[in-house]
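Only one structure is covered here, and it is reproduced in the block below.
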Amino acid sequence: GEKVEQHESTLSVREGDSAVINCTYTDTASSYFPWYKQEAGKSLHFVIDIRSNVDRKQSQRLIVLLDKKAKRFSLHITATQPEDSAIYFCAASMSNYNVLYFGSGTKLTVEP
Amino acid sequence: EAAVTQSPRSKVAVTGGKVTLSCHQTNNHDYMYWYRQDTGHGLRLIHYSYVADSTEKGDIPDGYKASRPSQENFSLILELASLSQTAVYFCASSGRVITEVFFGKGTRLTVV
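Take a look at the structure:
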């Protein structure tokens, strides 16, 4: 099955700087790549996703990049704020197969 | 708003005992999932279902059973709980075409 590797287990940035979280996947059939945020002690919430028919997607301060050749995708959070502090999970799914395979998570800390 | 409700929210179980975790969704979603979260491992898929009265094995099904008696309800059953099953368990649901997956608040299970 698909394996998703999340490269940074922890990441610390100063408020206002950008944060980048990188993930790689193994299965070339994967075509859907969402990101989820988990605040301390809480559940996971969807933040942004990208499908394999595009290589860039932006939603306000969040940018997702997809490099299909390298089987790599990344989440860029610009102008970080303290409320961005959380664990971020990347995931991948194959088309016609409604199962998400998750990375191990990146704990992002935004320092004032 | 999409809702996935898990019960109980926390449970202490005795080794060798039977544990049932329940999940109810009001999203009218076809797919339901049970994930397990352990520190450093992200979320790992235990079982999932895409239609009532049918369940599928995920990546780590050993020691777990699942039951989907209706579209709204999905249970995870540990027939003989073991110490290694101490974890946080998340139920989730999604539509037929995978977009956003909605997660419950999680159940913290401690096996002693």
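Chains as they are written, first to last, in our numbering: chain A, 1 to 112; chain B, 1001 to 1112.
Ideal placement from N, C-alpha and C gives every residue a C-beta, glycine not left out.
1) Along the beta strand (DSSP E) that carries His45 (chain A), what are the first and last residues, could you check?
2) Which runs of the beta strand (DSSP E), 3 residues or longer, sit entirely within the stretch 57-82 of chain A?
3) Are at least three pairs of beta-carbons, each pair with one atom in the stretch 92-99 of chain A and one in the stretch 1003-1011 of chain B, less than 8 angstroms apart?
4) Since His1041 (chain B) meets chain A, which of its residues come closer than 8 angstroms, beta carbon to beta carbon?
5) Would you call Val1097 (chain B) buried or exposed, if buried means 16 or more other Cβ atoms sit within 10 Å of its Cβ?
6) Hey, does Lys1105 (chain B) have any beta-carbon neighbour from chain A nearer than 7 angstroms?
7) From B:Glu1056, B:Asn1027, B:Leu1083, pick the residue whose C-alpha is nearest to that of Trp1034 (chain B); which is it?
8) DSSP state of Gln1085 (chain B), grouped into three classes?
9) Below 8 angstroms on the Cβ atoms is my guess for Ala1052 (chain B) versus Thr1026 (chain B); work out the distance and round it to an integer in Å.
10) Confirm, please, whether the CB-CB distance from Leu62 (chain A) to Ile121 (chain A) is below 7 angstroms.
11) Under the rule that 16 or more other beta-carbon atoms within 10 Å means buried, what is Ser44 (chain A), buried or exposed?
12) Which bits of chain B does Val64 (chain A) rub up against, with CB to CB less than 8 angstroms?
13) Pull up the distance between the alpha-carbon of Gln1071 (chain B) and that of Lys68 (chain A), whole angstroms please.
14) Alpha carbon to alpha carbon, what distance is there between Pro112 (chain A) and Val13 (chain A)?
15) Does DSSP put Asp84 (chain A) in a helix, in a strand, or in coil?
16) Quick one: which chain B residues come within Cβ less than 8 angstroms of Ser74 (chain A)?
17) Flag Tyr25 (chain A) as yes if its beta-carbon sits less than 7 angstroms from any beta-carbon of chain B, otherwise no.
18) Could you name the residues of chain B that Tyr88 (chain A) contacts, counting a contact when the two beta carbons are closer than 7 angstroms?
19) Any contact of the stretch 4-24 of chain A with the stretch 1071-1085 of chain B, i.e. 3+ C-beta pairs under 8 angstroms?
20) Could you check whether the Cβ of Leu11 (chain A) sits closer than 7 angstroms to any Cβ belonging to chain B?
21) Kindly say whether Ser30 (chain A), judged by its beta-carbon, lies nearer than 7 angstroms to any beta-carbon of chain B.
Taking the coordinates as given:
1) 44-51
2) Taken in chain order, the complete beta strand (DSSP E) segments of 3 residues or longer contained in the stretch 57-82 of chain A are 62-67, 72-77.
3) Segments in contact, no.
4) Ser104
5) exposed
6) Interface with chain A (7 angstroms Cβ-Cβ cutoff): Lys1105 (chain B) is included.
7) B:Glu1056
8) helix
9) Incorrect: roughly 15 angstroms between the Cβ atoms, too far for contact.
10) Any answer about residue 121 (chain A) is impossible in this case: the structure gives chain A only from 1 up to 112.
11) It is Leu, not Ser, that sits at residue 44 (chain A) in the sequence shown. It counts as buried.
12) Under the 8 angstroms cutoff, chain B gives no residues; its nearest Cβ is about 14 angstroms from Val64 (chain A).
13) 35 angstroms
14) 9 angstroms
15) helix
16) Residues of chain B passing the Cβ test: none, with the nearest at roughly 17 angstroms.
17) no
18) Within chain B, no residue comes near Tyr88 (chain A); the closest Cβ sits about 11 angstroms away, beyond 7 angstroms.
19) no
20) no
21) No - not a single Cβ of chain B is within 7 angstroms of the one on Ser30 (chain A).
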